[in-house]
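The structure under discussion appears below in the form of structure tokens.
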Amino acid sequence: MLDARKKAILFVAVQEYILTAEPVSSQRLVEKYQLGVSSATVRNELAMLEEMGYLYHPHTSAGRVPTDTGYRYYVDSTSTKPGLTMQEERAITKLFSDLNREMEELLQEATQILSNLTSQVSVVLAPPFKRSILKHIDLVCLSPRHVLVVLITDKGQVLKRTLSLELNSGYKIKDLSIVEQLLNEKLQGMGSSEISGLKLDIGMPDPEMEIFINLLIDEIAEILASGDKERVFLSGTSSIFNQPEFEDLQRVQSLLDSLNHGYRLLKWMEDSLVSKEVLVRIGSENVDQEIKDCSVVASHYQMDSETVGSLGIIGPTRMNYARAISAVELIANVLSRALNELRS
6 MLDARKKAIL FVAVQEYILT AEPVSSQRLV EKYQLGVSSA TVRNELAMLE EMGYLYHPHT
66 SAGRVPTDTG YRYYVDSTST KPGLTMQEER AITKLFSDLN REMEELLQEA TQILSNLTSQ
126 VSVVLAPPFK RSILKHIDLV CLSPRHVLVV LITDKGQVLK RTLSLELNSG YKIKDLSIVE
186 QLLNEKLQGM GSSEISGLKL DIGMPDPEME IFINLLIDEI AEILASGDKE RVFLSGTSSI
246 FNQPEFEDLQ RVQSLLDSLN HGYRLLKWME DSLVSKEVLV RIGSENVDQE IKDCSVVASH
306 YQMDSETVGS LGIIGPTRMN YARAISAVEL IANVLSRALN ELRS
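This is the structure in structure tokens:
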């Protein structure tokens with residue numbers, strides 16, 4: 006159990022290490038922070054905090070460094086402290102309210118801003134299309150043998166694919182508006198699993214037209230199903246090279262390789278999909294070996310009160326947690342509002 010003095014000394018010790026990346030000595034804490042006790046007293050308290058598992062003593066230094074337990078105490082103690090300025094919050098909120106873009110651009114913008122705010126690697130996992138419902142279909146004639154299929158989902162996603170038609174398609178292109186109207190009537194409100202394998206017996210006088218329509222249905226199902234893989238937006242990977250914790254190139258390469266695998270990112274952040282608060286997982290609290298020396302700060306974003314994706318940052322355990330938590334929470338909130346406006 007930590008008494009008030011140990012709590013105060015532990016807090017400033019972790020804070021000082023986060024700021025400087027250098028092992029913390031009792032002398033530095035006494036000189037920089039108004040602790041109201043002598044250097045000898047602080048030294049004794051640091052030694053006791055080390056015995057309790059909150060700090061450790063690198064062999065090459067006289068100072069001490071936080072353990073994951075020490076960081077956890079610090080994070081739990083900073084949960085109510087503001088990490089962003091009011092000016093930053095207002096500017097970002099206004100930026101998202103002024104954006105009039107498709108979902109992909111909103112997610113990319115969120116990724117970039119989150120990385121800029123925290124100087125860490127930022128990740129946004131987009132909603133998988135398999136959860137999306139088809140809202141509207143547009144068919145655009147590009148040439149006598151090419152049709153652009155544009156799908157709009159209930160989540161505001163705009164999916165496009167150009168189809169090359171192998172059949173004699175002159176009649177089909179001429180009556181594309183009829184096909185478009187028919188597909189909207191039959192497929193609106195369906196998901197990829199419902200559309201997949203669907204064959205319409207329309208009873209049209211031209212059998213080639215019916216073949217063409219069912220060909221389009223197969224393509225529409227495939228376009229929606231292509232989103233079964235998580236789409237990942239990444240920003241700030243170059244920031245890894247600015248962190249003293251990542252001077253080991255082999256370690257950097259291992260982390261970069263992991264960042265390029267969407268399923269790993271999903272695994273690292275999946276708990277944020279059900280967490281009511283911003284998720285903070287520090288060092289050894291992470292299951293995967295690749296990020297045992299990293300921290301993950303993540304949250305989810307919503308559309309119509311439904312959780313549809315997650316976002317967060319990944320960086321060394323030595324990070325500005327108050328700023329990271331505030332940034333992740335703010336971006337999750339403003340992104341949710343922007344996506345709801347896009348959907349409406």
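Each residue of the sequence shown is one higher than the one before, counting from 6 in this note's numbering. For each residue, glycine too, the CB sits at the ideal point set by N, CA and C. Since we're looking at a predicted model, the values are computed, not measured.
Note to self: Would the region 141-155 count as touching the region 178-193 if we require 3 or more Cβ pairs under 8 Å?
What the structure shows: Cβ pair count under 8 Å is three or more, so yes.
Note to self: Using a Cβ-Cβ cutoff of less than 8 Å, which residues in the same chain neighbour Gly-202 once the five nearest sequence positions on both sides are dropped?
What the structure shows: Shown here for Gly-202: same chain residues with a beta carbon closer than 8 Å to its own, the five before and five after excluded, namely Ala-226 in chain order.
Checklist line | Whole-angstrom distance between Asp-223 and Ser-174, CA atom to CA atom | finding: Low local confidence applies: a pLDDT of 49 at Ser-174 is under 50, so the model's placement there is unreliable, and no value is given.
Check: Looking at C-alpha atoms only, which residue of Tyr-38, Asp-103, Gly-41 and Lys-12 is the closest neighbour of Tyr-59?
Finding: Measuring from the Cα of Tyr-59, the nearest candidate turns out to be Lys-12.
Next item on the list: Specify whether the region 93-105 and the region 314-327 touch according to this definition: at least 3 beta carbon pairs, one from each stretch, less than 8 Å apart.
Entry: No, the region 93-105 does not touch the region 314-327.
Next item on the list: Go ahead and pull the three-state DSSP assignment for Ser-174.
Entry: With a pLDDT of 49 at Ser-174, under the threshold of 50, the predicted position of this residue should be treated as unreliable, though the coordinate-derived value follows. Secondary structure of Ser-174 (DSSP, three-state): coil.
Checklist line | Exposed unless 16 or more other CB atoms sit within 10 angstroms - verdict on Val-19 | finding: By the neighbour-count criterion, in which 16 or more other beta carbons inside 10 Å mark a residue as buried, Val-19 falls on the buried side.
Note to self: Going by DSSP in three states, Asp-233 sits in which element: helix, strand or coil?
What the structure shows: Residue placement at Asp-233 cannot be trusted, given a pLDDT of 49 that sits under 50; what the coordinates show is reported in the next sentence. Residue state, collapsed to three classes: helix.
Note to self: Let me check understanding here. Comparing Cα to Cα, which of Leu-347, Glu-346, Ser-310 and Tyr-306 lies closest to Thr-116?
What the structure shows: Thr-116 has its Cα closest to that of Tyr-306, out of Leu-347, Glu-346, Ser-310 and Tyr-306.
Next item on the list: Would you kindly work out how many angstroms separate the C-alpha atoms of Leu-130 and Thr-46, rounded to a whole number?
Entry: Thr-46 has its alpha-carbon roughly 48 Å from the corresponding atom of Leu-130.
Item checked: Residue closest to Ser-240, alpha-carbon to alpha-carbon, out of Val-128, Gln-32 and Leu-34 -> For the residues Val-128, Gln-32 and Leu-34, the minimum Cα distance to Ser-240 belongs to Val-128.
Next item on the list: Could you tell me the distance, in whole angstroms, from the CA atom of Asp-233 to the CA atom of Ile-200?
Entry: Because the pLDDT at Asp-233 is just 49, under 50, the model does not fix this residue reliably, and the point stays unresolved.
Notebook entry, point to check: Just how far apart, CA to CA, sit Ser-331 and Leu-119?
Noted result: Their backbone Cα atoms lie some 10 Å apart in a straight line.
Notebook entry, point to check: Considering Glu-311, what are the terminal residues of the beta strand (DSSP E) in which it resides?
Noted result: First-last of the beta strand (DSSP E) with Glu-311: 311-321.
Check: By how many angstroms is the C-alpha of Leu-270 removed from the C-alpha of Asn-121?
Finding: Computed Cα separation, rounded: 20 Å.
Next item on the list: Could you say which of Ser-341, His-266, Leu-192 and Ile-138 lies nearest to Leu-205 if we only look at CA atoms?
Entry: It is Leu-192.
Margin query: I'd like the span of the beta strand (DSSP E) that includes Gln-20, first residue to last.
Written below: Not the beta strand (DSSP E): Gln-20 falls in the alpha helix (DSSP H), residues 9-25.
Check: Looking at C-alpha atoms only, which residue of Val-292, Ser-124 and Arg-10 is the closest neighbour of Leu-51?
Finding: Closest by C-alpha distance to Leu-51, out of Val-292, Ser-124 and Arg-10, is Arg-10.
Notebook entry, point to check: For Leu-340, does the three-state DSSP call read helix, strand or coil?
Noted result: The three-state reading of DSSP puts Leu-340 in helix, counting H, G and I together.
Next item on the list: Could you have a look at Ile-157 and say whether DSSP puts it in helix, strand or coil?
Entry: Note: Ile-157 maps to strand in three-state DSSP.
Checklist line | Start-to-end residues for the alpha helix (DSSP H) that takes in Ile-245 | finding: Careful: Ile-245 lies outside any alpha helix (DSSP H) and carries neither H nor E.
Check: Nearest-angstrom Cα distance between Val-126 and Leu-139?
Finding: The alpha-carbon atoms of Val-126 and Leu-139 are separated by roughly 33 Å.
Item checked: Distance CB(Phe-16)-CB(Ala-343) smaller than 8 Å -> No, the Cβ-Cβ distance between Phe-16 and Ala-343 is not below 8 Å.
Item checked: Length of the line joining the Cα atoms of Asp-298 and Ser-198 -> Spanning the alpha carbons of Asp-298 and Ser-198 requires a straight line of approximately 40 Å.
Check: Considering only residues of the same chain and omitting the five flanking positions on each side of Val-301, which have a CB-CB separation below 8 Å?
Finding: Excluding positions up to five away in sequence, the list reads Trp-273, Met-274, Leu-284, Val-285, Arg-286, Asn-291, Gly-317, Ile-318 and Ile-319.
Notebook entry, point to check: Could you give the C-beta distance for Ser-304 and Ala-337, rounded to a whole number, given that I count them as a contact under 8 Å?
Noted result: In this structure Ser-304 touches Ala-337 by the C-beta definition: roughly 4 Å separates them, less than 8 Å.
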